[in-house]
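*Asks:* Residues 37 to 246, numbered by the working numbering, are exactly what the sequence shown covers, in order.
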Amino acid sequence: MAGNHSAAVLRNKGVAIEVYETVEVADVATERVTYEVARTDKGTPRVITTWVRFDGNSLADLEDAFGDLGEFQKATTTNPFTAIRRALAILFGWDDAHPRLPDGKPEPSGRACPGCRRAGLAMKEGGANDYSTAVVAALSLANGLDPTRVVKMIEVGTKAAEGARTARMAELDEMLDLEAAVAVIPDASTSTAGSNSGSEPAEATTSSGA
Ligand SMILES: [Zn+2]
């Protein structure tokens, strides 16, 4: 997680998160405004630190979006990216044009919502756990939980996120090892077939069927 999470900082500024900076792009042909990730001269996404903090309006908007705050927390486990994207759009003040269904309820996916899509662009790869920790921490602060306890909550959440990341990396390493091993097999079989007698190496081609 980004930055300082002391109780004083939480109280005064909120919970720091890192996101990609997004900029408006006007499509002259369609007259529609879209967004894209701002990039450095080297072409890498520009990362900024921003502060997550709920006020009465964003709390009300979150309630409107998810029913109640418990439903929001449930949504962060069932549809984490949709829920976090929407929460960030609300927190950043980007979600005012969120479309509604004919019955007046907010459209749940956010697919056609410019604010939600902008928030989705701003989310760093692998950042979902940190964002969800930050949003829940900010909600807790808004509900009056002691900032010193929220500091602990962020520490635990960040450790869990790091643990998940490490586990994923280990899994990925294992998969890559496995792939490397599989890739080696045809070579190994050709060389043994070749060294057998030198008469019929064509047999080796059957192993690479898929
Ligand atoms: Zn939206």
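Yeah, the Cβ is synthetic: ideal placement off N, Cα and C, and Gly gets one too.
Compute the minimum distance between the beta carbon of Ala43 and the heavy atoms of ligand 1, and state whether it is under 7 Å.
*Replies:* Here residue 43 refers to the residue found at position 7 of the sequence shown. No, Cβ of Ala43 sits at least 7 Å from all heavy atoms of ligand 1.
*Asks:* Thinking just about the alpha-carbon of each residue, which of Pro144, Val73, Val83 and Ala196 is nearest to the one in Ser168?
*Replies:* As a position in the sequence shown, residue 168 is number 132, starting the count at 1. Of Pro144, Val73, Val83 and Ala196, the residue nearest in Cα terms is Ala196.
*Asks:* Mind reading off the beta-carbon distance from Cys149 to Pro138? Whole number of angstroms is fine, and I expect it under 8 Å.
*Replies:* By 1-based counting over the sequence shown, the position of residue 149 is 113. By 1-based counting over the sequence shown, the position of residue 138 is 102. That belief does not hold up - the Cβ atoms of Cys149 and Pro138 are roughly 16 Å apart, past 8 Å.
*Asks:* If we require 4 or more residues per run, which alpha helix (DSSP H) segments fall completely within the segment 84 to 108?
*Replies:* 92 to 102
*Asks:* Identify, in the order they occur along the chain, each residue of the same chain with its Cβ nearer than 8 Å to the Cβ of Leu157, setting aside the five sequence neighbours on each side.
*Replies:* Here residue 157 refers to the residue found at position 121 when the sequence shown is read from its first residue. Contacts found: Tyr56, Thr58, Tyr71, Glu72 and Val73.
*Asks:* Given Ser177, which residues of its chain have a CB within under 7 Å of its CB, disregarding the five upstream and five downstream residues?
*Replies:* Along the sequence shown, one-based indexing puts residue 177 at 141. Rather than Ser, the amino acid found at residue 177 in this sequence is Leu. Result list for Leu177: Leu46, Pro183 and Val186, in chain order.
*Asks:* Take Ala96 as the anchor and find which of Lys110, Arg204, Ala170 and Ala123 has the nearest alpha-carbon.
*Replies:* Position 60 of the sequence shown, counted from the first residue, corresponds to residue 96. Cα-wise, what sits closest to Ala96 is Ala123.
*Asks:* Mind listing which residues have their beta carbon within less than 7 Å of any non-hydrogen atom of ligand 1? Chain order is fine.
*Replies:* Arg122, Ala125, Asp131, His134, Gly146, Cys149, Gly151 and Cys152
*Asks:* At the level of alpha carbons, what is the spacing between Met189 and Leu98?
*Replies:* Reading the sequence shown from its first residue, position 153 is the one you call residue 189. Reading the sequence shown from its first residue, position 62 is the one you call residue 98. Cα atoms of Met189 and Leu98: separation of roughly 21 Å, rounded to the nearest angstrom.
*Asks:* Just checking, does the segment 76 to 85 make contact with the segment 110 to 117 on the three C-beta pairs under 8 Å criterion?
*Replies:* no
*Asks:* Does the distance from the C-beta atom of Pro142 to that of Asp100 stay below 8 Å?
*Replies:* Along the sequence shown, read from residue 1 onward, the residue named residue 142 stands at position 106. Along the sequence shown, read from residue 1 onward, the residue named residue 100 stands at position 64. The answer is yes: Cβ separation under 8 Å.
*Asks:* State yes or no: is the C-beta of Ile84 within less than 8 Å of the C-beta of Ala170?
*Replies:* Within the sequence shown, numbered from 1, the residue matching residue 84 stands at position 48. Within the sequence shown, numbered from 1, the residue matching residue 170 stands at position 134. Against a cut-off of 8 Å, the Cβ pair of Ala170 and Ile84 comes out as no contact.
*Asks:* Whose C-beta lies closer than 7 Å to the C-beta of Ala200 among residues of the same chain, with five residues either side of it excluded?
*Replies:* Position 164 of the sequence shown, counted from the first residue, corresponds to residue 200. If we look at Ala200 and ignore the five residues flanking it on each side, its Cβ neighbours are Asn165.
*Asks:* If the criterion is Cβ atoms closer than 8 Å, does the pair Ala155 and Trp130 meet it?
*Replies:* Translated into positions along the sequence shown, residue 155 becomes position 119. Translated into positions along the sequence shown, residue 130 becomes position 94. Yes, the pair counts as a contact, with Cβ atoms nearer than the cut-off.
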